[in-house]
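Counting from 1, position 185 in the sequence shown corresponds to residue 185 in UniProt numbering; the numbering is continuous, with no gaps.
We treat Cβ as the ideally placed atom computed from N, Cα and C, and that holds for glycine.
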Amino acid sequence: AACVPVVLSNGWELPFSEVIDWNTAAVIGDERLLLQIPSTIRSIHQDKILSLRQQTQFLWEAYFSSVEKIVLTTLEIIHDRVLQHLSRSSVMWNNLPGGLFTLPQYSTHLGHFPFYYAPLGIKPQQRFSAVIHAVTPLVSQSQPILKLLASVAKSQYCAQIIILWNCDKPLPAKQRWPATSQPVVVIEGENKVMSSRFLPYSTIVTDAVLSLDEDTVLSTTEVDFAFTVWQSFPERIVGYPARSHFWDVNKERWGYTSKWTNDYSMVLTGAAFYHSRIKSRPSSRRSKHRVRVRQDELLKGCKRPAAGSPQNYRFPQNATFDPSHSQSAFRHFQRSLNYTNVPSSRHS
1 AACVPVVLSN GWELPFSEVI DWNTAAVIGD ERLLLQIPST IRSIHQDKIL SLRQQTQFLW
61 EAYFSSVEKI VLTTLEIIHD RVLQHLSRSS VMWNNLPGGL FTLPQYSTHL GHFPFYYAPL
121 GIKPQQRFSA VIHAVTPLVS QSQPILKLLA SVAKSQYCAQ IIILWNCDKP LPAKQRWPAT
181 SQPVVVIEGE NKVMSSRFLP YSTIVTDAVL SLDEDTVLST TEVDFAFTVW QSFPERIVGY
241 PARSHFWDVN KERWGYTSKW TNDYSMVLTG AAFYHSRIKS RPSSRRSKHR VRVRQDELLK
301 GCKRPAAGSP QNYRFPQNAT FDPSHSQSAF RHFQRSLNYT NVPSSRHS
């Protein structure tokens, strides 16, 4: 229930205190000042109490909620003692997603992990790269992909547009593509599979990646608004098309539905922003090759343990957005999203 522990025993060694900063999750008092404890607790501000509850819930779920996590945490602490040049910092242990989900072998620089941007005060780049997945030949100048290309290119935040050509037909001539104010790079897919859109292409030079299907219909203002929201939550998927997943008892497998409901559980990658450093491991990409149409669920599953909170933000498709009200609308939307950080939302 996210209770805040009050520790009143001097000299206690709290669990995993070598890496966990218990001052951010518990009220630690002096047992010799026992009569002052009630007034001290009553003087704690509600914002501080909420912060303590959130941290307590995070520590419980990350390191203490199962025997497996307790054992893994112990082993990782020993590992950090032995290989000190690859040891995790205090920030890694005491912030989402936790020490068990961050690999120092990947990087010891905190700026390489988007979920540490907020604690460190780092802001992502102000530009994005769009990756459009093309699977049908270019035969007409009225095709949706060309309209999409024009809309995205007009965005004030667009740095480049990458067209991933996964069509069986040869690449169209360069002059077939419309002239845009932003550079357009056409890459021919090697294996012609849907999951190739998530490969770490060297041509992507921005933090943000806008993943698009060729038949997506978006206006420039919708693109700008989604990117503005993503900048405040770079560790999450921010996009438009939403689905709700469910367990099909008859087929004994997971599925998802596009029915309009009051809630949802995933955002499809046909029109969504995500951080360029959040890539699937090779084993995950092989899984997506075998299950052709399930890359959305797999990417969602890869991000969920690391996000530690709702990892998808979805907006109404084709919603009218007035640029003149952008700042006030975004502030209102941001405040509503911040409510997802309360402990109960970690289970949603």
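Secondary structure of Ser243, DSSP reduced to three states: On the sequence shown, residue 243 is found 243 positions in, with the first residue counted as 1. Note on identity: in this sequence residue 243 is Arg, with Ser being the wrong assignment. If DSSP states are grouped into helix, strand and coil, Arg243 belongs with the strands.
Given Glu31 as reference, the closest of Phe115, Glu214 and Val7 once Cα atoms are compared: Stepping through the sequence shown from its first residue, residue 31 is reached at position 31. When only C-alpha atoms are compared, the closest one is Val7.
Cβ-Cβ distance between Gly255 and Asp263 below 7 Å: Within the sequence shown, the letter at position 255 stands for residue 255. Within the sequence shown, the letter at position 263 stands for residue 263. Their beta carbons are not under 7 Å apart, which means Gly255 does not touch Asp263 by this criterion.
C-beta atoms of Asp207 and His112 nearer than 7 Å: On the sequence shown, position 207 is the one that residue 207 refers to. On the sequence shown, position 112 is the one that residue 112 refers to. Not closer than 7 Å, so no.
Sequence ranges, alpha helix (DSSP H) only - wholly within the UniProt domain "Glycosyl transferase 64" (128 to 280), length at least 4: 144 to 153 and 220 to 232
Span of the alpha helix (DSSP H), counted from its first residue to its last, around Gln126: For the purposes of this step, residue 126 is taken as residue 126 along the sequence shown, with counting starting at 1. Counting along the chain, Gln126 falls outside any alpha helix (DSSP H), and DSSP gives it neither H nor E.
Test item: CB-CB of Val238 and Phe273 under 7 Å: Against the sequence shown, residue 238 aligns to sequence position 238. Against the sequence shown, residue 273 aligns to sequence position 273. Going by C-beta atoms, Val238 is nearer than 7 Å to Phe273.
When Ser232, Arg88, Pro144 and Val91 are compared against Asp213, the one with the closest alpha-carbon: As a first step, residue 213 must be located in the sequence shown, where it is residue number 213. The shortest C-alpha separation from Asp213 is found at Pro144.
Own chain residues within Cβ distance below 6 Å of His79, not counting five before or after: The sequence position of residue 79 within the sequence shown is 79, counting from 1. For His79, where only same-chain residues beyond five positions count, there are no Cβ hits under 6 Å.
Residue from Val185, Val223 and Gln57 whose Cα sits closest to the Cα of Tyr201: Residue numbering aside, residue 201 sits at position 201 when the sequence shown is read from its first letter. The residue with the shortest Cα to Cα distance from Tyr201 is Val185.
Distance between beta carbons of Ala25 and Gln55, contact taken as under 8 Å: Along the sequence shown, one-based indexing puts residue 55 at 55. Along the sequence shown, one-based indexing puts residue 25 at 25. Right, their Cβ atoms sit about 4 Å apart.
Contact test: Tyr117 Cβ vs the ligand FAD heavy atom, cutoff 6 Å: With respect to the ligand FAD, the structure shown offers nothing to examine, as it has no ligands at all.
N- and C-terminal bounds of the alpha helix (DSSP H) containing Ser90: The sequence position of residue 90 within the sequence shown is 90, counting from 1. Looking at the DSSP string, the run of the alpha helix (DSSP H) that includes Ser90 is Ser90 to Asn94.
Complete alpha helix (DSSP H) runs within the UniProt domain "Exostosin GT47" (1 to 43) (minimum length 4 residues, chain order): Entirely contained in the UniProt domain "Exostosin GT47" (1 to 43), the alpha helix (DSSP H) runs reaching 4 residues are, in chain order, 37 to 42.
Top-ranked residue by Cα proximity to Val137, from Trp177, Gly11 and Pro183: On the sequence shown, position 137 is the one that residue 137 refers to. According to the sequence shown, residue 137 is Pro rather than Val. Closest by alpha carbon: Trp177.
Three-way DSSP call (helix, strand, coil) for Ser66 in this model: To locate residue 66, count along the sequence shown from 1; it is residue 66. Coil.
Rounded Cβ spacing between Leu72 and Leu100 (contact assumed at less than 8 Å): Locating residue 72 in the sequence shown gives position 72, counting from the first residue. Locating residue 100 in the sequence shown gives position 100, counting from the first residue. So it is a contact: roughly 6 Å between Cβ atoms.
Reference Asn94; option with closest CA among Thr221, Gln57, Ser65 and Phe128: Residue 94 sits at position 94 when you count from the first residue of the sequence shown. If you compare the alpha carbons of Thr221, Gln57, Ser65 and Phe128 with that of Asn94, the shortest gap goes to Gln57.
Start and end residues, alpha helix (DSSP H) containing Leu110: The sequence position of residue 110 within the sequence shown is 110, counting from 1. No alpha helix (DSSP H) holds Leu110; DSSP gives it neither H nor E.
Rounded straight-line distance, which links the Cα of Ser244 to that of Ser258: Looking up residue 258 in the sequence shown gives position 258. Looking up residue 244 in the sequence shown gives position 244. Each residue's alpha carbon lies about 7 Å from the other.
Reference Asp224, options Val267, Leu83, Ser155 and Ile187, closest by Cα: Translated into the one-based positions of the sequence shown, residue 224 becomes position 224. Ranking Val267, Leu83, Ser155 and Ile187 by Cα distance to Asp224 puts Ser155 first.
For Pro97, three-class secondary structure by DSSP: Start at 1 with the first residue of the sequence shown, and residue 97 comes out as number 97. The answer is coil: DSSP assigns Pro97 none of H, G, I, E or B.
Leu83 (DSSP reduced to helix, strand or coil): Taking the sequence shown and counting its residues from 1, one reaches residue 83 at position 83. Residue state, collapsed to three classes: coil.
Glu13, buried or exposed, once every other Cβ within 10 Å from all chains shown has been counted against 16: Working through the sequence shown from its first residue, we reach residue 13 at position 13. Around the beta-carbon of Glu13, fewer than 16 other beta-carbon atoms lie within 10 Å, marking it exposed.
Boundaries (first-last residue) of the alpha helix (DSSP H) holding Tyr116: What you label residue 116 is simply residue 116 of the sequence shown in a count that begins at 1. No alpha helix (DSSP H) contains Tyr116, which DSSP labels as neither H nor E.
Beta-carbon proximity list for Trp22, same chain, < 8 Å, skipping 5 on both sides: The count along the sequence shown starts at 1 and reaches residue 22 at position 22. So the list reads Val7, Leu14 and Ile28, once near-sequence residues are dropped.
Alpha-carbon spacing of Leu35 relative to Trp260, whole angstroms: Within the sequence shown, the letter at position 35 stands for residue 35. Within the sequence shown, the letter at position 260 stands for residue 260. So the two alpha carbons sit approximately 56 Å from each other.
Beta-carbon contacts of Ile135 that lie in its chain and below 6 Å, excluding the five residues immediately before and after: If you number the sequence shown from 1, residue 135 lands on position 135. Reading off the sequence, residue 135 comes out as Val, not Ile. Within the same chain, Val135 has close Cβ partners Asn166 and Cys167.
Sub-7 Å separation of Ser181 and Gly189 beta-carbons: Walking along the sequence shown from the start, residue 181 turns up at place 181. Walking along the sequence shown from the start, residue 189 turns up at place 189. The answer is no: Cβ separation not under 7 Å.
Own chain partners of Leu103 with C-beta closer than 7 Å, once the 5 adjacent residues on each side are dropped: As a position in the sequence shown, residue 103 is number 103, starting the count at 1. The answer is none, since no qualifying residue turns up.
Per-residue DSSP class, three states only, for Thr73: Reading the sequence shown from its first residue, position 73 is the one you call residue 73. Three-state DSSP puts Thr73 in a helix.
Cut-off 8 Å between Cβ atoms - residues of its own chain near Ser9, not counting five sequence neighbours on either side: Indexing the sequence shown from 1 puts residue 9 at position 9. Here the set comprises Glu31.
Run of the alpha helix (DSSP H) containing Leu50, from where it starts to where it stops: Along the sequence shown, one-based indexing puts residue 50 at 50. Leu50 -> alpha helix (DSSP H) spans Gln46 to Leu59.
Whether Asp160 touches Pro124 by CB criterion (7 Å): Within the sequence shown, the letter at position 160 stands for residue 160. Within the sequence shown, the letter at position 124 stands for residue 124. Just to set this straight, residue 160 is Gln in the shown sequence, not Asp. Cβ distance not < 7 Å, so Gln160 and Pro124 don't count as in contact.
When Val152, His133 and Ile122 are compared against Glu235, the one with the closest alpha-carbon: As a first step, residue 235 must be located in the sequence shown, where it is residue number 235. Here the closest residue by C-alpha is Ile122.
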